[in-house]
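The listed protein sequences correspond, in order, to chains F and X. Using numbering that gives the first Met the number 0, read the first sequence as starting at 0 and increasing by one per residue. Using numbering that gives the first Met the number 0, read the second sequence as starting at 0 and increasing by one per residue. Note that beta-carbon positions come from the ideal geometry of N, C-alpha and C, so glycine has one too. In what follows, a single structure is set out as structure tokens and then discussed.
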Amino acid sequence: MTLDPAFVPDPTIEVVTVSKWFGQKVAVSGLSCSFGPGVTGLLGPNGAGKTTLLRMISGLTSVSNGKITVLGKNPRTDTGLFSSMALVPDEDAVYGDITGRQFVRYSAALSNVEERDKPEEVLSIVAMGDAADRSIGGYSKGMRQRIKVAAAIVTDPDVLILDEPLNGTDPIQRAHLIALFEGFGEEGRTVIVSSHVLEEVERVSKRVIAIVDGRLAAAGSVEAIRASMHDIPYVVRISTDAPRKLGAALFASSAAVSITSTNDGISVSTKDITTLGKDTPRIASDIGARITGFRPQDQSLESVFRYLVEGR
Amino acid sequence: MRPLSALFVMSLRQALPVKRTIILVLIQLLPALVYLLSTQNRTDAAALESFVAIGASMLLGLAVPVVAIVLGAGALGAERRDETLSFIAMRPIPRFALAGTKTVAAIVAGTAIGLVGALALGVAHVTQYGNTSLITGIGLAVFITTALYVSVLVPLGFLTDRAVLIAMVYLFIFEGGVVSALPALATISPWRIGLSIFGAVASDPPPIIDDLLGSLTPSAVTPLLAVIVTFVVSVALTTLMLRQRDLA
């Protein structure tokens with residue numbers, strides 16, 4: 000029997016038909032999935048319900064319907080669970096008037112971390128040792144992200160939840176943090192990393208849960224999700240000086256499903272944007288047409304996911 | 000205990016940043032200044048009456064409540080507004096301990112600031128009339144008044160961003176106007192409850208204190224009981240809200 004890709008065999012976090020609504024607005028709707036040791040990417044466009052889901056898993060937000068357990072406990076009522084779980088929230092949940100070192104030490108004290116050297120150790124891990132004595136108020140966005148990560152990992156959590164942790168980080172910081180999260184996953188911790196950028200999630204994790212409009216859009220390996228996305232019909236706007244000629248010639252490409260032409264270009268519907276991208280310049284060159292633009296229309300992550308949800 | 004002591008120390012630090020502390024201390028010094036200016040060349044009896052009518056009523060009815068309202072409303076309200084509530088809520092700390100520690104920290108901070116005003120008022124009286132017996136009473140009254148306002152304001156501040164406004168309206172309109180006109184309502188005026196312990200502890204307080212107390216009588220026990228009950232109810236309410244409400 001094959002397991003639904005939304006679920007893992009030995010879950011540490013179980014989300015069972017969970018819904019959350021704020022007044023009339025439904026943020027999460029009947030979502031079921033599970034998370035286990037290793038890194039899982041939580042993917043979805045802005046407003047998809049990722050943060051709400053992570054906050055429910057963290058016990059900060061109640062569920063309107065359904066059930067969530069973390070390590071077999073209810074995160075909403077069992078505060079003892081927080082000795083094994085930490086959250087890096089999306090927002091700037093930091094005290095601007097204290098230093099990074101004080102912030103991490105405060106986090107360690109609140110969680111009763113007994114190892115005295117632990118704060119220094121994690122400051123070094125997130126490469127914040129040099130800036131640790133500066134006030135957090137003066138930190139860049141990337142530095143704030145790293146100090147929040149330090150404050151979370153100083154508690155040595157079995158479950159680490161990171162809400163858009165790579166926002167505002169530069170490429171070097173990003174690579175560093177990604178390696179750090181991978182390391183935690185390899186140690187057998189349950190790590191959830193949310194993002195609205197597919198490429199970002201792809202770099203962090205092999206397994207992805209994708210949600211949109213509060214519903215499960217796709218789950219499984221990044222490759223499987225990419226394969227699902229290949230079936231999506233894209234509309235590509237091609238600007239050219241010979242629209243009719245190019246439109247007729249492009250029918251020779253297996254990638255074109257339908258073509259409509261206007262005075263300054265053509266719109267091509269395709270399910271294989273990669274092949275279309277390769278065929279178009281070759282065909283244009285053969286017929287002597289000049290291409291001045293090749294722009295996929297409506298290719299936002301949101302539209303892609305919406306398609307996945309509707310097709311599910 | 001380490002998590003709670005860390006929370007307590009940080010809460011004190013949040014409650015009393017340098018600039019705010021200076022402003023709040025200056026507010027506390029106003030009653031002593033007004034008292035000094037209004038009691039030049041008075042008899043001991045007249046000075047004692049002014050101590051209560053001007054100094055104590057201004058300190059307990061204005062300066063101390065303003066500080067307690069600000070600190071109480073901000074105890075958890077500021078954490079919620081600054082989005083740091085998740086940082087302290089996701090800890091292996093029972094919700095009632097979290098609520099209790101934040102409330103105690105606000106009471107300690109408010110009392111410390113209020114005692115500056117009590118001390119200044121006491122010193123102003125001592126330097127002119129040599130009577131030190133009022134300092135203990137006014138100090139206790141500061142503690143009672145602070146504890147009552149803070150206990151009410153911690154859950155209110157968590158519930159609404161308008162807690163300070165609501166409390167100020169209560170202080171100035173209800174306590175300042177309505178209770179003055181209808182003395183029977185003095186039992187729900189926190190600063191008058193604070194003043195009642197001063198009336199009980201101070202030796203031979205002037206008769207004007209009865210006018211200020213309304214339907215209350217000087218007592219050492221009733222104010223302490225009021226503080227205990229209000230504190231317990233406050234912590235219970237705050238704990239309930241921390242459990243029931245979304246902490247974001």
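Beta-bridge analysis with DSSP links D162/F to S193/F. Straight across, the Cα-Cα distance linking I124/F with A149/F is about 8 Å. K147/F is classed as buried because its beta carbon has at least 16 other beta carbons within 10 Å across all chains shown. Looking from the CA of A47/F, the closest CA among K19/F, S57/F, S63/F, S284/F belongs to K19/F. Remark: fewer than three beta-carbon pairs, one from each stretch, lie closer than 8 Å, so the stretch 78–92 of chain X and the stretch 126–144 of chain X are not flagged as touching.
Selection G193/X, E48/X, V24/X, A96/X evaluated against V66/X yields V24/X as nearest (Cα-Cα). With a cutoff of 7 Å on beta-carbon distance, G71/X and V149/X are scored as near each other.
Taking all protein chains shown into account, Q172/F has 16 or more neighbouring C-beta atoms within 10 Å of its C-beta and is therefore buried. With the rule of 3 Cβ pairs closer than 8 Å, the stretch 203–222 of chain F counts as touching the stretch 2–10 of chain F.
Within chain X, no C-beta atom comes nearer than 9 Å to that of S33/F; the closest sits roughly 21 Å away. As the crow flies, the alpha-carbon of A283/F is around 7 Å from that of R289/F. The beta carbon of A218/F lies closer than 6 Å to those of P4, A5, I208 in the same chain, with the five residues before and after it left out.
Rounded to the nearest whole angstrom, the C-alpha separation of G40/F and P118/F is 27 Å. One alpha carbon belongs to I272/F, the other to A254/F, and they sit about 7 Å apart. Within chain X, the residues placing a beta-carbon under 7 Å from that of S61/F are D245, ordered along the chain.
Taking C-beta separations shorter than 7 Å and ignoring five residues to either side along the sequence, the partners of A96/X in its chain run L3, following chain order. Only those residues of the stretch 84–102 of chain X whose C-beta falls short of 7 Å from the nearest C-beta of chain F are listed: S85, F86, I87, A88, M89, R90, P91, I92, P93, R94.
When the five nearest sequence neighbours on each side are left out, the beta carbons in the same chain lying within less than 6 Å of the beta carbon of T68/F are those of E13, in order along the chain. With contacts defined as CB atoms closer than 7 Å, L86/F and S106/F fail to qualify as a contacting pair.
Residue nearest to H195/F within the set V121/F, P44/F, F102/F is P44/F (criterion: CA-CA distance).
The CB of L58/X never comes closer than 9 Å to any CB in chain F; the least such distance is about 30 Å. Collapsing the DSSP output to three states places L41/F in a strand. With a minimum length of 4 residues, the unbroken runs of alpha helix (DSSP H) contained wholly in the stretch 60–114 of chain X fall at 63–80, 84–88. Between A105/X and A74/X, the C-beta spacing is below 7 Å. Here the stretch 261–280 of chain F makes no contact with the stretch 12–22 of chain X; the two share fewer than three CB pairs at distances below 8 Å. As DSSP reads the structure, L215/F sits in a beta bridge with I210/F. As computed with DSSP, R115/F is found in no beta bridge at all. Exposed is the label assigned to F171/X, since fewer than 16 other Cβ atoms lie within 10 Å of its Cβ. Shown in chain order are the members of the stretch 86–99 of chain F whose Cβ falls below 9 Å from a Cβ of chain X: L86, P88, E90, D91, A92, V93, Y94, G95, D96, I97.
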